[in-house]
């Protein structure tokens, strides 16, 4: 029971006079209490000495002052409590953490632990009287590319970008082999389907493939199936290629890969079309092992535990950069909303905050959380809001809204808030690339905000340049205020949100996710063995 709940229990037990002594100023929303002992309570403590009675009076007065002079929550107060300077200070601190820890805040690396400590220091150490904060631990396959290089057909060093869960080439020399082209098809994607490989002799060669449309892992699976030793994937747009994840489920099932620029890919494609034979070298040195990570969960002490309003943002970055927009922006936003909530009382529903771990590795932390919820626990979550990338430098204003009728209740509040601020907000569909996925699978009404990834919204998406300079402060502040507004509104009332007493957890889905964790563990052990052996082998064609 929260301290102020204990106080109200004392009040209701008639230790003090009736409700006429509890007053609320209608303009300020401040509750005050004029206390006096009843005749009954006087009889109960008349046997106590004078000093003890005085102590009781002082304690009661202090407790009443603490609990009943707190301001009552309103959406406008939380909105006002979210300030640009505080949001930016969080981003500055997260960026410094990344700079102090190898340039990132990624799963399995020191920057994530330091980022976690930053959140815990606020939520647990400073706000322990208002929030219950805990860590939820899980294990997952950690992968890090220690070295990647591409040597071009003229002996030149070619700038190359790796992907998370990239498979290693034989070491120490990598793969030297002829480069072969694959047809470009921008409508259905290049090298995405089996029939697109018809007539291509990829055995013992390195495939040149255009990025886009389908998952890169799909292209690499087909390349391996057709005997390729590796792949060079060239970017479908100008500029430095952004990294991505190949997913741990593809360990051992795909060829090693390097991402190169569109200019490089088009130049090599032109030379191959002219009949030149191009021989290149690809080297990928990757390490795989199982590592521990965790989610941070904090919920208000106040509010009905059977009716939970849930806000989430992922805390980790990619290995390639500090992740200040992705997702320092969401991390900072919900942290400031929690900071605002601690100043108020008088709300009906409990509010829970989550900073998810290992999102960039495949939504691992949030899927672990949702897959371990019982049906009754899932039913208590009345609405989930996801905030992933809410400060893109050239923002769009997307409000997530899915097919669940309940989604629209929260989505409409966010949409109306942004439109009232003069922004061209629109309803966007959920995808499969952020932490809302597990909640959608459970049928939990969900929404959230998103300001865009990649060109043109965020040119530094998944790159080292995702720093504090890569955030639009106006978009960040507006979206964080909108998120705070709807959180407070739902904390006060869930009117219109469908009841959550009809959830049937998809047992097959939960079993599948939990089986995936077991499979990932096995794959990481096998990959670690392969990595050790790779240092002893050589593959040159």
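Numbering (the UniProt record's numbering), first residue to last: 1 to 541. Heads up, the beta-carbon is just placed ideally off N, CA and C, and yes, glycines get one too.
{"Check": "Helix, strand or coil for residue 428 per DSSP?", "Outcome": "strand"}
{"Check": "Run through the DSSP bridge pairs and tell me what residue 197 is partnered with.", "Outcome": "According to DSSP, which records beta bridges pairwise, residue 197 is partnered with nothing at all."}
{"Check": "Let me make sure I understand the geometry here. Which of 456, 400, 124 has the alpha-carbon closest to that of residue 450?", "Outcome": "400"}
{"Check": "Rounded to a whole number of angstroms, what is the C-alpha to C-alpha distance between residue 303 and residue 472?", "Outcome": "34 Å"}
{"Check": "Less than 7 Å between the C-beta atoms of residue 231 and residue 220, yes or no?", "Outcome": "yes"}
{"Check": "According to DSSP, is residue 144 helix, strand or coil?", "Outcome": "strand"}
{"Check": "Distance check for residue 340 and residue 491, CA to CA, integer angstroms please.", "Outcome": "13 Å"}
{"Check": "Of the choices 273, 462, 371, whose alpha-carbon is the least far from that of residue 361?", "Outcome": "462"}
{"Check": "Can you tell me where the beta strand (DSSP E) with residue 387 in it begins and where it stops?", "Outcome": "381-387"}
{"Check": "State the DSSP-derived secondary structure class of residue 165, mapped to helix, strand or coil.", "Outcome": "coil"}
{"Check": "What are the partner residues of residue 211, as DSSP defines its beta bridges?", "Outcome": "According to DSSP, residue 211 bridges with nothing at all."}
{"Check": "How many angstroms separate the CA atom of residue 66 from the CA atom of residue 429?", "Outcome": "With a pLDDT of only 48 at residue 66, under the threshold of 50, the placement of this residue in the model should not be trusted; the figure read from the coordinates follows. Between residue 66 and residue 429, the C-alpha separation is close to 45 Å."}
{"Check": "Using a threshold of 7 Å, state whether the C-beta atoms of residue 282 and residue 206 are closer than that.", "Outcome": "yes"}
{"Check": "Tell me, to the nearest whole angstrom, how far the beta carbon of residue 105 is from that of residue 94; I am working on the premise that it is less than 8 Å.", "Outcome": "7 Å"}
{"Check": "Using beta-carbon positions only, say whether residue 435 and residue 312 come within less than 7 Å of one another.", "Outcome": "yes"}
{"Check": "Closer than 8 Å by C-beta to residue 243: which residues in its own chain qualify, once you throw out the five before and the five after it? Chain order, please.", "Outcome": "161, 162, 163, 164, 259, 318, 319, 320, 462, 463"}
{"Check": "How far does the beta strand (DSSP E) with residue 296 in it extend, from its first residue to its last?", "Outcome": "279-300"}
{"Check": "According to DSSP, is residue 158 part of a helix, a strand, or is it coil?", "Outcome": "strand"}
{"Check": "Quick check on this structure: which residue in 411, 204, 394, 395 has the alpha carbon closest to the alpha carbon of residue 557?", "Outcome": "Because residue 557 is not part of the residues shown, which for the chain are 1 to 541, the question remains open."}
{"Check": "Would you mind listing the beta strand (DSSP E) stretches within the segment 296-332 that are 3+ residues and don't spill past its ends, in chain order?", "Outcome": "304-314"}
{"Check": "According to the neighbour-count rule (16 or more other Cβ atoms, all chains shown, within 10 Å of its Cβ), is residue 263 buried or exposed?", "Outcome": "exposed"}
{"Check": "Starting from residue 450 and walking both ways along the beta strand (DSSP E), at which residues does that stretch end?", "Outcome": "446-450"}
{"Check": "Let's test the definition: count the other Cβ atoms within 10 Å of the Cβ of residue 265 and tell me whether it reaches 16, buried, or not, exposed.", "Outcome": "buried"}
{"Check": "Under 7 Å between the Cβ atoms of residue 456 and residue 394?", "Outcome": "yes"}
{"Check": "Quick one, which of 254, 294, 238 has its alpha-carbon nearest residue 245's?", "Outcome": "254"}
{"Check": "For residue 301, which residues in the same chain have their Cβ closer than 7 Å to its Cβ, ignoring the five residues on either side in sequence?", "Outcome": "2, 130, 131, 132"}
{"Check": "Please confirm if the segment 271-288 is in contact with the segment 169-180, defined as three or more CB-CB distances below 8 Å between the two stretches.", "Outcome": "yes"}
{"Check": "Please tell me whether residue 357 and residue 388 are closer than 7 Å, where the distance is taken between their beta carbons.", "Outcome": "no"}
{"Check": "Should residue 474 be labelled buried (16 or more other beta-carbon atoms within 10 Å of its own) or exposed?", "Outcome": "exposed"}
{"Check": "Measure from the alpha carbon of residue 413 to the alpha carbon of each residue in 349, 370, 273, 479, then state which is nearest.", "Outcome": "479"}
{"Check": "Tell me whether residue 369 is buried or exposed, calling it buried when 16 or more other Cβ atoms sit within 10 Å of its Cβ.", "Outcome": "buried"}
{"Check": "From which residue to which residue does the alpha helix (DSSP H) around residue 75 run?", "Outcome": "75-81"}
{"Check": "Considering only DSSP beta bridges, list what residue 345 is partnered with.", "Outcome": "72"}
{"Check": "Candidates 483, 212, 170: which alpha carbon is nearest residue 185's?", "Outcome": "212"}
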